[in-house]
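Notes follow the structure.
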Amino acid sequence: MTSTRSRCMVRRAAIVALAAAVPFLAALPHLPDTLPIVVLMQSLPVLAYALAWVVCLALAALLWRAARWPVLAALATAVLLGGRALMPSAVADAPAAFTVATFNTDFWDQHGETEGLEAAFAAIDADVLLLQEHFYLDPPDVFEPIDRAHLLVSCCDYPHVFVDGDLVVASRFPGVDHSHPDPNVQRLTLEIEGRAVEVVNVHNPVHVTLYDSILTEAFWDFARDAAAARSLVYEAVDEALADARASERSALVGGDFNATAMMPSLRRSVLGPLGRDPLAHLDGSFPVGLPLWRIDHVVSTPDLPIACASMPATPVSDHRPVRCTVTRAASGA
């Protein structure tokens, strides 16, 4: 009798937990990521979010026998489709017009790994290379400006190098204009095969600090300040894309967003306006975190067909480069 009562109590508790988890999971990708507690959960890889749904479905199958086989069929279908989504993006068969990549250098060659950094640049071998963290760091938060972008010329013969703060763009195409509308955003216009392409290089501030406990006021003060700074970054990206649309230019946006495809601000300002599928942003770029933690992204306007994949990790950085192939040049003015 006691055993039966215990099983009933466990079953009821599981039903209550499931009833609470399902609406929360449904709402999570749409909650404002300016709320610190929300952004902590949205920072998880998209795969973790999908796994939470799998657990809920499996629990539903255990609790509701009539739904067991339909739920198991749905799970099998999800696994098959999800497996395809986790494969690196295939490069189209059409001849490549040019390549573009983003790479967070992890404080350039601060620790004397100049040759390793040059080797990483050469291995990426992109026609347009978006780089972040062109500075040295004295932990936890003292940043030392440097003038080391010349490595891109000495190692890889890039004819055009644009530097704005910690953001650098190296290009085999000439630039006709560049600006620095936000400390974390670099804009420039490149002439690619006679057409102007708006290029936006982003280094979004990290949303939480690892130096303070989540139980301290300092942690939450940092999170609030970071949310405000990140909002300004997305406003600058929105403005750049609006300018590109107004002038009928194609656009490329890339960089270290410190954001997964779970985060509404990334989908709203970058993935959504450019018509990109969040499921195309699942392969990892930050191996220090989790294997499928993708926080570095490159996206483009639809008239620039693009296929991206993370490259192998390098010894010099905690980020993996993300390299993309554009299959034809821009058709804009």
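Take the sequence shown: its position 70, counting from 1, is numbered 294 in our numbering, and each next residue is one higher.
We treat Cβ as the ideally placed atom computed from N, Cα and C, and that holds for glycine.
On a predicted model such as this, the values are computed, not experimentally measured, just so you know.
In the DSSP assignment, TYR360 falls within the beta strand (DSSP E) that extends over 359–362.
Judged by their CB atoms, ALA373 and HIS358 are nearer to each other than the 9 Å cut-off.
Using a Cβ distance threshold of 9 Å, ALA325 and PRO536 do not count as a contacting pair. Sorting ASP436, ASP480, VAL400 by C-alpha distance to the C-alpha of TRP517 places ASP480 at the top. A direct Cα-to-Cα measurement between SER437 and SER403 gives close to 37 Å. For ILE519, no beta strand (DSSP E) run applies, since DSSP gives it neither H nor E. Excluding the 5 residues flanking it on each side, ALA344 has same chain C-beta neighbours closer than 6 Å at THR538, VAL540, in chain order. Per DSSP, reduced to three states, the secondary structure at PRO398 is coil, with no helix or strand assignment.
Note that the C-beta distance between PRO529 and ASP257 is not below 9 Å. In this structure, the alpha-carbon of VAL426 lies about 6 Å from that of GLY478. The distance from the Cβ of LEU375 to that of THR338 is about 7 Å, consistent with a contact at the 8 Å cut-off. Here the alpha carbons of LEU391 and VAL385 stand approximately 11 Å from one another. In the structure shown, HIS543 falls within a coil segment according to DSSP collapsed to helix, strand and coil. In terms of Cβ geometry, LEU354 and VAL400 do not form a close pair [threshold 9 Å]. Going by DSSP, GLY479 is part of the beta strand (DSSP E) stretching over 474–480. Distance from ALA460 to VAL409 at the Cβ level is roughly 4 Å; contact confirmed, criterion being Cβ atoms closer than 8 Å.
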